[in-house]
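Here the structure is laid out as C-alpha cells; the discussion comes afterwards.
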Amino acid sequence: MNHWLLKTEPSTYSIDDLERDRRTRWTGVRNFLARNFMTDGMKPGDLALIYHSSAEPPGVAGLARISAAAAPDKTQFEPGDAFDPRATRATPVWFAVEVEFLERAPTFVPLAAIRAEKKLARMELLRKGSRLSISPVTPAQFRTLSKLAHFHQSP
DNA sequence: GCCAACGTTGGC
DNA sequence: GCCAACGTTGGC
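Under our numbering, the first residue of the first sequence carries the number 49, and numbering increases by one thereafter.
Printed below as a string of C-alpha cells:
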C-alpha cells in the first residue's frame, strides 16, 4: 500500500467538505507530476493525508483513502478555470482519483509541528519552494504524522 | 500584500 | 533545445 499527501485550499475544498461528501473526485490538479502520481501510483486502498494549504494555520487536517482509480477529470472539458483547450473526450489530458473520507485529525498538525519533527525533515512538503499538490509519503513518515494527528485508523 | 521558487510557454 | 518571460503556489 502506498501513502500520499493531498493538498487542498480549505477555502475551496476542506476536510469538512470531504466529510460531508464522503467521497469526491480529486479534480483540478493541473501539474503533470501530480497527475502521474494519480494515474500511475495511486491504487484503491491507499491512504492519504489531507493537508490544508493557504490556511491559517496550514497543516494536516484529516485522513482519507483512495476509493477508485484515476478517471478523466471532467472539469477539463467544462468552461471555467480548470478548462483545458488541449483536452478532448477521446484524449483527455487530466485525470482524477476518487477520495473517500476516513476521519478528521483529532489533533490538527500545523506546518510548524511538521517542521519541528526531525523524522519528517525529508518530506516533499518541506522542500523549499515545493508546490507539488500531490506527493508520496513514506510509511515511516505516514506513521509519524498519524501519531501526531492521533488518527484512530492508522497503520 | 509580498515574494521566492517553481512549472509552463513560446520565440528563436 | 535553450532560456527568458510569465503565471501560479503558498508561506509569511
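We treat Cβ as the ideally placed atom computed from N, Cα and C, and that holds for glycine. Owing to the predicted nature of the structure, the values given are computational and were not obtained by experimental measurement.
Item: Taking the alpha carbon of Trp-52 as the point to measure from, which residue in Val-147, Pro-154, Glu-67 has its own alpha carbon closest?; Value: Val-147
Item: Does the beta-carbon of Gly-177 have 16 or more other beta-carbons within 10 angstroms, so that it is buried, or is it exposed?; Value: exposed
Item: Is the region 87-97 touching the region 119-128 in the sense that three or more CB pairs, one from each, lie closer than 8 Å?; Value: no
Item: Tell me the start and end of each unbroken beta strand (DSSP E) in the region 89-117 that is at least 3 residues and wholly inside, in chain order.; Value: 95-100
Item: Does Ala-188 pass the burial test, meaning 16 or more other C-beta atoms within 10 Å, or should it be called exposed?; Value: exposed
Item: Am I right that Thr-75 and Ala-116 are in contact with their C-beta atoms under 8 Å? What's the rounded C-beta distance?; Value: The Cβ separation is near 13 Å, so there is no contact.
Item: Would you list the one or two residues that DSSP bridges to Ala-119?; Value: Ala-144
Item: Do you know offhand how far Arg-68's Cα is from Leu-196's?; Value: 24 Å
Item: Would you kindly check if the distance between the Cβ of Phe-199 and the Cβ of Glu-151 is under 8 Å?; Value: yes
Item: Straight-line CA distance for Leu-159 to Thr-60?; Value: 19 Å
Item: Measure the C-alpha to C-alpha separation of Met-49 and Gln-201 and round it to an integer number of angstroms.; Value: 15 Å
Item: My understanding is that Ile-63 touches Gly-93, with C-beta atoms under 8 Å, so please give their C-beta distance in whole angstroms.; Value: About 20 Å; that fails the 8 Å criterion.
Item: Rounded to whole angstroms, what's the CA-CA distance from Val-145 to Leu-180? Just pull it up for me.; Value: 16 Å
Item: What separation, rounded to the nearest whole angstrom, lies between the Cα atoms of Thr-139 and Gly-89?; Value: 20 Å
Item: Locate the beta strand (DSSP E) running through Leu-54, then write down its first and last residues.; Value: 51-56
Item: With C-beta atoms as the reference, is Glu-172 less than 8 Å away from Ser-101?; Value: no
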